[in-house]
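Undergrad: To start, I am sharing the structure in question, which I have written as structure tokens.
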Amino acid sequence: MARYTGPKSKIARKFGEPIFGEDKVLAKKNFPPGQHGQNKRRKTSEYGVQLREKQKAKYTYGVLEKQFHNLFDRAARSKGITGEILLQLLEGRLDNVVYRLGIAPTRAAARQLVLHRHITVNGAVVNIASYAVQPGDVVGVREKSKSLEVIADALAGFNHSKYPWLEWDESQKAGKLLHVPAREDIPENIKEQLIVELYSK
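Shown next as structure tokens:
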């Protein structure tokens, strides 16, 4: 499956949640898209509910099927609660950290900044969106890119205190990952246990 590039409102309506951020269309049409979107639908099977949750996580973080499966395998091999570790691994992706730091308005925009070599990790340019940021790493904006309008607009008025596992240095236009976020700090409405149950079948 290639990365989804279609209307984001359509996906948000499918899940009934603004998974890509504030969505004006969803606010007006809070029902699934399509001809029969407003009709009462049949009860979804247990498998369907679990699959839907996995798809929601993939769309939210912009991860493809193979990448997601690899992250799940890594989480399953780690000590601790598999579902929680999976979300922590997704949160640790470089594109997501750039988004959480307010450097980009969306994860898709953050991915573009990374791919176009505007982002550094510990002072070195990294252009791999899936790069795993570790506690202590400093993620910043490349010196030549600090004047970019898209970055300035995203940072204007951004509340960095929303994410206590990150520390922002405005003068350097860089942020440090202090520690791996606890599950209760991750704001995404994802029922990770359903994803674990899906992969356990």
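One point on numbering: in our numbering, the residue at position 103 of the sequence shown is 1410, and numbering is uninterrupted. No residue lacks a Cβ here, since even glycine has one placed at the ideal position from N, Cα and C. Source: prediction; values computed, not measured.
1. Check Gly1430 in the structure and name its three-state DSSP category.
2. Cα separation between Met1308 and Asn1377?
3. So, at 8 Å on beta carbons, what are the nonlocal neighbours of Arg1492 in its own chain, with the 5 sequence-adjacent residues on each side left out?
4. From Gly1369 to Asp1476, what does the alpha carbon distance come to, in whole angstroms?
5. Just reading off the beta strand (DSSP E) that Lys1483 is part of, what are its end residues?
6. Hey, quick one: how far does the alpha helix (DSSP H) through Gly1390 stretch, first residue to last?
7. Would you check if the distance between the CB atom of Ala1461 and the CB atom of Gly1409 is smaller than 8 Å?
8. How many Å lie between Leu1333 and Tyr1406 at the Cα?
9. Provide the residue span of the alpha helix (DSSP H) that contains Val1448, from first to last.
10. Closest to Thr1367 by C-alpha separation, out of Asp1380, Lys1373, Ser1352 and Leu1394, would be which residue?
11. What is the DSSP secondary structure of Leu1473, reduced to helix, strand or coil?
12. Ala1463 by DSSP, collapsed to three states: which one?
13. Val1421 and Asn1527 - do their beta-carbons sit closer together than 8 Å?
14. Between the C-alpha atoms of Lys1480 and His1467, what's the straight-line distance to the nearest angstrom?
TA: A quick look at the data gives this:
1. Position 123 of the sequence shown, counting from 1, holds the residue named residue 1430. Of the three classes helix, strand and coil, the one that applies to Gly1430 here is coil, per DSSP.
2. Here residue 1308 corresponds to residue number 1 of the sequence shown, with the count starting at 1. Here residue 1377 corresponds to residue number 70 of the sequence shown, with the count starting at 1. With a pLDDT of only 35 at Met1308, under 50, the local geometry of the prediction cannot be trusted, and the value read off the model is given with reservation. Roughly 15 Å separates the two Cα atoms.
3. As a first step, residue 1492 must be located in the sequence shown, where it is residue number 185. The sequence shown places Asp at residue 1492, rather than the Arg named in the question. Only Tyr1470, Pro1471 and Trp1472 meet the Cβ criterion.
4. For this step, residue 1369 is matched to residue 62 along the sequence shown. For this step, residue 1476 is matched to residue 169 along the sequence shown. Spanning the two alpha carbons is a distance of roughly 27 Å.
5. On the sequence shown, position 176 is the one that residue 1483 refers to. That run of the beta strand (DSSP E) goes Ala1481 to Leu1484.
6. Taking the sequence shown and counting its residues from 1, one reaches residue 1390 at position 83. Gly1390 -> alpha helix (DSSP H) spans Thr1389 to Glu1398.
7. The residue given as residue 1461 occupies position 154 in the sequence shown. The residue given as residue 1409 occupies position 102 in the sequence shown. Taking 8 Å as the Cβ cut-off, Ala1461 and Gly1409 qualify as a contacting pair.
8. The count along the sequence shown starts at 1 and reaches residue 1333 at position 26. The count along the sequence shown starts at 1 and reaches residue 1406 at position 99. Unreliable placement is indicated for Leu1333, whose pLDDT of 46 sits below 50; the coordinate value is still reported in the next sentence. Their Cα atoms are separated by approximately 22 Å.
9. Indexing the sequence shown from 1 puts residue 1448 at position 141. Unbroken run through Val1448 is the beta strand (DSSP E), Val1445 to Val1448; no alpha helix (DSSP H).
10. Along the sequence shown, one-based indexing puts residue 1367 at 60. The residue with the shortest Cα to Cα distance from Thr1367 is Leu1394.
11. Position 166 of the sequence shown, counting from 1, holds the residue named residue 1473. Correct three-state label for Leu1473: strand.
12. Counting from one through the sequence shown, the residue named residue 1463 turns up at place 156. Three-state result, Ala1463: coil.
13. Since the first and last residues shown for the chain are 1308 and 1508, residue 1527 lies out of range.
14. Taking the sequence shown and counting its residues from 1, one reaches residue 1480 at position 173. Taking the sequence shown and counting its residues from 1, one reaches residue 1467 at position 160. So the two alpha carbons sit approximately 12 Å from each other.
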